[in-house]
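Novice:
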Amino acid sequence: MSKKAHEFTTSALVFNDICVRGVAVGMWARQEEHLDEWNLCVDEVQKLAVAGKITAIPMEKVVLADHKTAIQKSLEGRSIKQLFVINSKASASHI
Numbered sequence: 093m094s095k096k097a098h099e100f101t102t103s104a105l106v107f108n109d110i111c112v113r114g115v116a117v118g119m120w121a122r123q124e125e126h127l128d129e130w131n132l133c134v135d136e137v138q139k140l141a142v143a144g145k146i147t148a149i150p151m152e153k154v155v156l157a158d159h160k161t162a163i164q165k166s167l168e169g170r171s172i173k174q175l176f177v178i179n180s181k182a183s184a185s186h187i
C-alpha cells in the first residue's frame, strides 16, 4: 500500500463494468477460527501464480551485505521495490 490515492474515471468504472473494493485481512486472518479459510485462500493465490495468471511486481534482488546502498536508493526514490536476499548461497539459483 503506497498511501497514495488511486484515480479511477467514472467512465472506466461504469462503461467497463469495473468494481473497485479494498480489503484488509490482517486481523481476520490471524483469528484461529479463520485459519482453514485463510489457508485455502493462500493455496488459490499460489496456484494462480504458478499458472502465470498473476505475477509479482518487479523487484531488485539485493544481498543483505548491500543493504545500505539499497536503503539509500529507496530513500532517493531511484529504485523499484527491493527484496533482500538473506541467505545468498541458498538463494543463488533464484537470483
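Using this note's numbering, the first residue of the sequence shown is number 93, and each one after it goes up by one.
Where is the CB? At the ideal position from N, CA and C, for every residue including glycine.
Keep in mind the model is a prediction, meaning the values are calculated, not measured.
1. What separation, rounded to the nearest whole angstrom, lies between the Cα atoms of I149 and N108?
2. What does L175 pair with, by DSSP beta-bridge criteria?
3. What's the C-alpha gap between G118 and T101?
4. Quick one: is V134 buried, meaning 16 or more other Cβ sit within 10 Å of its Cβ, or exposed?
5. Quick one: Cα of K165 to Cα of V112, how far?
Specialist: For this structure:
1. 24 Å
2. K153
3. 29 Å
4. exposed
5. 32 Å
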